[in-house]
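One structure is given here, and the rest of the page talks about it.
Protein chains: 2
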Amino acid sequence: MLTPGATIGILGGGQLARMLAMAGARLGLKAHIFSPGANEPAFDVCAARTLAEYDDETALKAFAEAVDVITYEFENVPAATAEFLAARRPVRPNPQVLALTQDRLVEKQFVQSLGIETAAFTEVADAGALARGVAKLGRPSILKTRRLGYDGKGQILLQGGADLAVTFRALGGAPCILESFVQFSKEISVVAARGADGAFRAYDVCENVHEHHILATTTTPASIRPETADRAVEIAQKIAQAADYVGVLAVELFVIERAVGPVWEKLVVNEIAPRVHNSGHWTLDGATTSQFEQHMRAVAGWPLGATRRHGRATMRNLIGVDANGWRELLQEDGACVHLYGKSEVRPGRKMGHVTRVTPETP
Amino acid sequence: MLTPGATIGILGGGQLARMLAMAGARLGLKAHIFSPGANEPAFDVCAARTLAEYDDETALKAFAEAVDVITYEFENVPAATAEFLAARRPVRPNPQVLALTQDRLVEKQFVQSLGIETAAFTEVADAGALARGVAKLGRPSILKTRRLGYDGKGQILLQGGADLAVTFRALGGAPCILESFVQFSKEISVVAARGADGAFRAYDVCENVHEHHILATTTTPASIRPETADRAVEIAQKIAQAADYVGVLAVELFVIERAVGPVWEKLVVNEIAPRVHNSGHWTLDGATTSQFEQHMRAVAGWPLGATRRHGRATMRNLIGVDANGWRELLQEDGACVHLYGKSEVRPGRKMGHVTRVTPETP
Numbered sequence: 037m038l039t040p041g042a043t044i045g046i047l048g049g050g051q052l053a054r055m056l057a058m059a060g061a062r063l064g065l066k067a068h069i070f071s072p073g074a075n076e077p078a079f080d081v082c083a084a085r086t087l088a089e090y091d092d093e094t095a096l097k098a099f100a101e102a103v104d105v106i107t108y109e110f111e112n113v114p115a116a117t118a119e120f121l122a123a124r125r126p127v128r129p130n131p132q133v134l135a136l137t138q139d140r141l142v143e144k145q146f147v148q149s150l151g152i153e154t155a156a157f158t159e160v161a162d163a164g165a166l167a168r169g170v171a172k173l174g175r176p177s178i179l180k181t182r183r184l185g186y187d188g189k190g191q192i193l194l195q196g197g198a199d200l201a202v203t204f205r206a207l208g209g210a211p212c213i214l215e216s217f218v219q220f221s222k223e224i225s226v227v228a229a230r231g232a233d234g235a236f237r238a239y240d241v242c243e244n245v246h247e248h249h250i251l252a253t254t255t256t257p258a259s260i261r262p263e264t265a266d267r268a269v270e271i272a273q274k275i276a277q278a279a280d281y282v283g284v285l286a287v288e289l290f291v292i293e294r295a296v297g298p299v300w301e302k303l304v305v306n307e308i309a310p311r312v313h314n315s316g317h318w319t320l321d322g323a324t325t326s327q328f329e330q331h332m333r334a335v336a337g338w339p340l341g342a343t344r345r346h347g348r349a350t351m352r353n354l355i356g357v358d359a360n361g362w363r364e365l366l367q368e369d370g371a372c373v374h375l376y377g378k379s380e381v382r383p384g385r386k387m388g389h390v391t392r393v394t395p396e397t398p
Numbered sequence: 037m038l039t040p041g042a043t044i045g046i047l048g049g050g051q052l053a054r055m056l057a058m059a060g061a062r063l064g065l066k067a068h069i070f071s072p073g074a075n076e077p078a079f080d081v082c083a084a085r086t087l088a089e090y091d092d093e094t095a096l097k098a099f100a101e102a103v104d105v106i107t108y109e110f111e112n113v114p115a116a117t118a119e120f121l122a123a124r125r126p127v128r129p130n131p132q133v134l135a136l137t138q139d140r141l142v143e144k145q146f147v148q149s150l151g152i153e154t155a156a157f158t159e160v161a162d163a164g165a166l167a168r169g170v171a172k173l174g175r176p177s178i179l180k181t182r183r184l185g186y187d188g189k190g191q192i193l194l195q196g197g198a199d200l201a202v203t204f205r206a207l208g209g210a211p212c213i214l215e216s217f218v219q220f221s222k223e224i225s226v227v228a229a230r231g232a233d234g235a236f237r238a239y240d241v242c243e244n245v246h247e248h249h250i251l252a253t254t255t256t257p258a259s260i261r262p263e264t265a266d267r268a269v270e271i272a273q274k275i276a277q278a279a280d281y282v283g284v285l286a287v288e289l290f291v292i293e294r295a296v297g298p299v300w301e302k303l304v305v306n307e308i309a310p311r312v313h314n315s316g317h318w319t320l321d322g323a324t325t326s327q328f329e330q331h332m333r334a335v336a337g338w339p340l341g342a343t344r345r346h347g348r349a350t351m352r353n354l355i356g357v358d359a360n361g362w363r364e365l366l367q368e369d370g371a372c373v374h375l376y377g378k379s380e381v382r383p384g385r386k387m388g389h390v391t392r393v394t395p396e397t398p
């Protein structure tokens, strides 16, 4: 258990690290940011910074010696970096979680091994395996690289007629996974935390809308049946326990609804994010404890905070030029505006977000 | 009007500057902290820092050139410093406000000139004037230095029998003001903001309890009559307008209650704080826009944010060894814990605060 004044090292310097650093500071914890990128958003709000590559062992060693515990803002921290650091300081969540979530195939196998449903999938090592996979799963299906995809990058939707050899080459011939296309009615996520003592606390389930493969809005609570929400939280808890997880994680799920016959909602796990998550940003303005503070509490070995909502929360991402609307947003009564301090506006780049919290209508 | 990415210079590096810097960062604003003290709490959360004395003109010049607008976390910034900087960059609130609030005599005269009631007072330049003042105002009365007092420092309560010459010398022979002792039933404060465009927004009135002359707890809303609350806010607005104020200010008032006869509550202004204020810390967890964000918005020339409460808020300061109770506080469901990152615990030192927000009971 850390004491106030301790330093938490954070790998990555983007907006998640920025909000983690500030949440830690609220609690009297110092943040030391390690990132290869100059002008990182998190550099503006931290007690110490290291600008170095993830394979710079001299810098990693000095970083480890300067901090008390280490966490990360993204799941693509190189495994070798995490292991190098874990030999010197506690890394939370543990590096095995990185190995698990960096590979879509391993992640899906892990989830299924817990008795939790995912989309049907099959490993695709070459074009021949892709043909066999499509024969098995049918179309539409989605070919994804096993590693390094995010925001829709590294994936291709296979509809009728697509040339499989061309498709496989389009992803660079990288090891892939083929997933059957899930006809979902809603995308939801569970943002939850597990403490070093095994305590588990989830926020109310979030409902997410993506545009161009990037999260556009999150509304909490999700408009799903109470028993579906309970089941989603149970799934997240099962995953967190099985991974001996410490920190905040997000589990993204599809809700499959049947309109005809007795109404039911089925859940299928889409992805695990071993970190604070965009769909939890509303907690900064809409919950007693933000997901960022919750993560820092867990990483520090401290008790988890309350996850109560102040009302119904809607978070909208400010993507690319959306951020140019900051004047109007600041004028809007009750809009909680967050800008990440990124100097350059680029298409698809997350520049900020805005959260609106309104009283619950029972 | 600043644009996101601009830098706000802050004079002072204590917890108020720390919370201002973080609130600015939420909005994509960078903070540059100027302070003579090493290990300042705000140094851990800012984009740039200058460690220099307030009369170091080389440092002040470089600071002014590095920032877009300047504000301060405390009213005792030397007047010469403020003027030197104001010749180079906008200083908000304007330095005249500092002159006004640094001198208790000038401040009280200003308030009275607006037709707002204060305690009866008289100037005390020497021991002879003190004797005349006591003859006029009676006892108990309070002798205060005109400048540099805070948290009960620089003031002496004159009760029956005190030797006046000794009392005057006890305050170092500094220019003083004698105030009649106000028999108040409650201490309240109005935390409010005025924008660069003259817009004015107040939070609900706070009720404060002091222990050993230091703020112990603030509860919002104050348990006063609605018309008293309205009058308190009107007073704050009148003061802000007359001072052409830009930023957050706090007006501390005494409520005088008459138990016998028709019930009434009279208001007397005690003090003006030209800055974010300890009695507004609850807004971090209990209001749509925190006082810190509100101040940064005003200083940036941006629209003010909504001041709505999420519920009934109680803030308790963690003074000195109180902060050693952090483990218990972190365990308490719904307690929002703030620690200021001060390494050394000293008696009377503000180490942090905790806010509890509970649903309003109508």
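Protein chains in written order, with the numbering used here: chain A, 37 to 398; chain B, 37 to 398.
Just so you know, even glycine gets a beta-carbon here, dropped at the ideal spot from N, CA and C.
Quantities reported herein were computed from a predicted structural model and do not represent experimental measurements.
Where the alpha helix (DSSP H) through residue i begins and ends
| i | result |
| --- | --- |
| residue 219 of chain A | Careful: residue 219 of chain A lies outside any alpha helix (DSSP H) and carries neither H nor E. |
| residue 172 of chain A | 163-173 |
| residue 47 of chain A | Careful: residue 47 of chain A lies outside any alpha helix (DSSP H), inside the beta strand (DSSP E) at 43-47. |
| residue 119 of chain B | 115-122 |
| residue 204 of chain B | 200-206 |
| residue 93 of chain B | 93-102 |
| residue 315 of chain A | No alpha helix (DSSP H) contains residue 315 of chain A, which DSSP labels as neither H nor E. |
| residue 53 of chain A | 51-62 |
| residue 140 of chain A | 140-149 |
| residue 364 of chain A | 362-367 |
Residues that residue i bridges to, as DSSP identifies them
| i | result |
| --- | --- |
| residue 353 of chain A | A:389 |
| residue 283 of chain A | A:230 |
| residue 82 of chain A | Residue 82 of chain A pairs with nothing; no bridge assigned. |
| residue 180 of chain B | B:191, B:213 |
| residue 260 of chain A | None; residue 260 of chain A has no bridge partner. |
| residue 159 of chain A | A:213 |
Any C-beta of chain A under 9 Å from that of residue i
| i | result |
| --- | --- |
| residue 52 of chain B | no |
| residue 318 of chain B | no |
| residue 128 of chain B | no |
| residue 386 of chain B | no |
| residue 373 of chain B | yes |
| residue 149 of chain B | no |
| residue 234 of chain B | no |
| residue 230 of chain B | no |
| residue 259 of chain B | no |
| residue 40 of chain B | yes |
| residue 61 of chain B | yes |
Distance CB(residue i)-CB(residue j) smaller than 9 Å
| i | j | result |
| --- | --- | --- |
| residue 220 of chain B | residue 308 of chain B | no |
| residue 211 of chain B | residue 134 of chain B | no |
| residue 393 of chain B | residue 52 of chain B | no |
| residue 275 of chain A | residue 150 of chain A | yes |
| residue 306 of chain A | residue 117 of chain A | no |
| residue 178 of chain B | residue 194 of chain B | yes |
| residue 143 of chain B | residue 131 of chain B | no |
| residue 243 of chain A | residue 256 of chain A | yes |
| residue 84 of chain A | residue 66 of chain A | yes |
Where the beta strand (DSSP E) containing residue i begins and where it ends
| i | result |
| --- | --- |
| residue 302 of chain A | 300-309 |
| residue 371 of chain B | 371-375 |
| residue 331 of chain B | Here residue 331 of chain B belongs to no beta strand (DSSP E); instead the alpha helix (DSSP H) covers 327-335. |
| residue 245 of chain A | 242-247 |
| residue 107 of chain B | 105-108 |
| residue 66 of chain B | 66-71 |
| residue 238 of chain B | 236-238 |
Minimum Cβ-Cβ distance from residue i to chain B less than 9 Å
| i | result |
| --- | --- |
| residue 369 of chain A | yes |
| residue 376 of chain A | yes |
| residue 238 of chain A | no |
| residue 241 of chain A | no |
| residue 333 of chain A | yes |
| residue 82 of chain A | yes |
Distance cut-off 8 Å: residue i Cβ against heavy atoms of the ligand MG
| i | result |
| --- | --- |
| residue 318 of chain A | In the structure shown, the ligand MG is absent, as is every other ligand, since no ligand is present at all. |
With three or more C-beta pairs closer than 8 Å as the rule, is the region 198-215 of chain A touching the region 231-251 of chain A?
no
Contact between the region 325-334 of chain B and the region 279-286 of chain B: three or more CB pairs below 8 Å?
yes
Cβ contact check for the region 57-66 of chain B and the region 42-49 of chain B: 3 or more pairs under 8 Å:
In this structure the region 57-66 of chain B lies against the region 42-49 of chain B, because at least three pairs of beta carbons, one per stretch, are closer than 8 Å.
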